[in-house]
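Position in the sequence shown (from 1) plus 1 gives the number in this note's numbering. Glycine included, each C-beta is placed from N, C-alpha and C at the ideal position. See structure below.
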Amino acid sequence: MSLFDLGAAALRRLDPETAHQLAIKGLGLAPLPAPAADDPILHTRLAGLALPNPVGLAAGLDKNGEALRGLSRLGFGFVECGSVTPRPQPGNPKPRLFRLTEDRAVINRMGFNNAGLDAFATRLDRRPEGVVVGANLGANKDTEDKAADYVAGLTRLQGRAAYFTVNISSPNTPGLRALQGREQLDDLLGRIDAARPMDGALRVPVFLKIAPDLIADEIGMIVEASLAHRIDGLIVSNTTLERPDSLRSPLARETGGLSGAPIRPFAEKALRAAAEAGQGRLPLIAVGGIDSGAEAYARIRLGASAVQIYSALVYAGPGLVAQIKRDLAARLRADGFSSVSEAIGARR
C-alpha cells in the first residue's frame, strides 16, 4: 500500500467534508513524482482530445482547481474540476456530505459550494502542462436565467480549459434539472453553441452532464437536442435521487445525490439508453459506480469512449487509478482489441 493510500485510509476516520478539504490541500502541496507512461493500448481520443488513457477524474473533488498539479500526477487521462458558478456561493448548510461505508457510497447535498469564476480562472492559469483539464460549469442558486450563468462560464474561462462540461443534472440546485426538458434545453444549448470558445480554428469541446434518473425517451430527446446544437458528448451520469433497497447504512435516507457502488445499475441503464439513441453519433463518458478495470471495460463495451471515477477513490485510495488502467489494458488484449476505440460499443 502506497503512502497516499495509507493517507486515504487515515482520512476516512475524519468527518467527510474535513477529510475532503485536507485531501485537496495535500494534493495541492505534495511533491508527487510524474506518473509512469501509459500502456500504448490505452491511448485514445475523445471529441478530438488526445488522451493518454480513458480514465478520468469526475468533477466534484477539486471544485476550485486548487489541486490540479497533484491530481495530474495520479495517472488520470483527464481531470475535470468544478462545478464552478459565476459568483462565489457557500452551498447548503452543513452537514452535507455523508459516507455510506457499508455500501461503499456517498450522499452529498453540497449545493455547488465554490469560490466563483474569478478565483477559478486564476488557478486554471497555473494549470500543469501536459494534462487535459476540463472545467465543469454550474449555475448560481439564486440566478433566474441559469443559461446565462453557463454562457458566463464559457466566456470567462476561454483559453483556460481543454473542454467544458455543462452540468444540468445536480440534484442540489433548485430548478437545475428542469433544464433537461426539451424547451429549456434547446434554449440553453443554442446559447451555449453561440458562445462556444475557439482554440484557433477549432471549437473547444463542450459536454453535457445528465442525470441517471431519466427514462429512455428523455435520454433519446437529449441526444437529439445535443446533436442539433453541436454538443460534443454526454457525460452519463450524475448522482441519483433513488435509494435502492440494498442500502444498509443508517445514513441512507439523507437527502441529496447518491454516488458510488449502488448507483451502478442506474448509470448503466442510462448509458445503454444513450448508446442506443446515439448509435455512435455522440461520444459518451461513463460515470457512476466504476471501481475496477472490469467495470471500466464493461462501460466501454456498452458504448462509452471514456470513463470517470470519484466516489470509489474515497474507499480504494488513489492507487485505484493505476489498478484500473492495468486491468483495462489486460482485458483489451485478452479480447483481441488493439485499442480502446475498437472496444467501444462492442457489447450493447
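List the DSSP bridge partners of residue i.
i: ASP214; result: Its beta-bridge partners do not exist; DSSP assigns none.
i: SER260; result: VAL107
i: ASP16; result: None, per the DSSP bridge assignment.
i: ALA307; result: ILE286
i: VAL167; result: LEU138 and LEU209
i: VAL56; result: VAL308
i: THR156; result: According to DSSP, THR156 bridges with nothing at all.
i: LEU47; result: LEU50
In whole angstroms, give me the CA-to-CA distance for residue i and residue j.
i: ILE108; j: ASP336; result: 36 Å
i: ARG197; j: LEU155; result: 7 Å
i: ALA347; j: ILE25; result: 37 Å
i: ALA323; j: GLU145; result: 43 Å
i: ALA278; j: LEU33; result: 42 Å
i: LEU15; j: LEU252; result: 16 Å
i: ALA297; j: PRO53; result: 16 Å
i: THR241; j: SER170; result: 9 Å
i: GLU343; j: LEU209; result: 24 Å
i: TYR151; j: CYS82; result: 15 Å
i: GLY78; j: ALA60; result: 14 Å
i: VAL224; j: ILE325; result: 29 Å
i: SER339; j: ASP328; result: 15 Å
i: ALA116; j: HIS21; result: 16 Å
i: PRO175; j: THR166; result: 19 Å
i: PRO284; j: LEU203; result: 18 Å
i: ILE211; j: LEU333; result: 28 Å
i: ILE42; j: ASP143; result: 46 Å
i: ILE264; j: LEU215; result: 13 Å
i: ALA179; j: SER238; result: 16 Å
i: GLY76; j: ILE286; result: 18 Å
i: GLU67; j: ARG124; result: 7 Å
i: ILE301; j: ARG105; result: 22 Å
i: ALA331; j: GLY318; result: 21 Å
i: SER73; j: GLY57; result: 10 Å
i: ALA226; j: LEU190; result: 8 Å
i: LEU4; j: ILE220; result: Any reading at LEU4 is ruled out, since the residue's pLDDT is 49, under 50, leaving its predicted position unreliable.
With a cut-off of 8 Å on the beta carbons, I'd call residue i and residue j a contact; round off their distance for me.
i: GLY71; j: LEU28; result: 3 Å
i: VAL134; j: ALA163; result: 6 Å
i: SER306; j: PRO55; result: 7 Å
i: GLY139; j: SER84; result: 4 Å
i: LEU314; j: LEU321; result: 6 Å
i: ALA120; j: ASN65; result: 6 Å
Is there contact between the segment 256-275 and the segment 179-186, where contact requires at least three CB pairs shorter than 8 Å? no
Minimum length 4: unbroken alpha helix (DSSP H) runs contained in the segment 180-245: Taking only runs of at least 4 residues, the alpha helix (DSSP H) segments lying wholly in the segment 180-245 are 183-196 and 217-229.
Continuous alpha helix (DSSP H) assignments of at least 4 residues falling wholly in the segment 72-128: 118-125
Taking contact to mean at least 3 C-beta pairs separated by less than 8 Å, is the segment 34-50 in contact with the segment 97-115? In short, these stretches do not touch, since the Cβ pair count stays below three.
Touching by the beta-carbon criterion (3+ pairs, under 8 Å), the segment 276-290 and the segment 120-134: no
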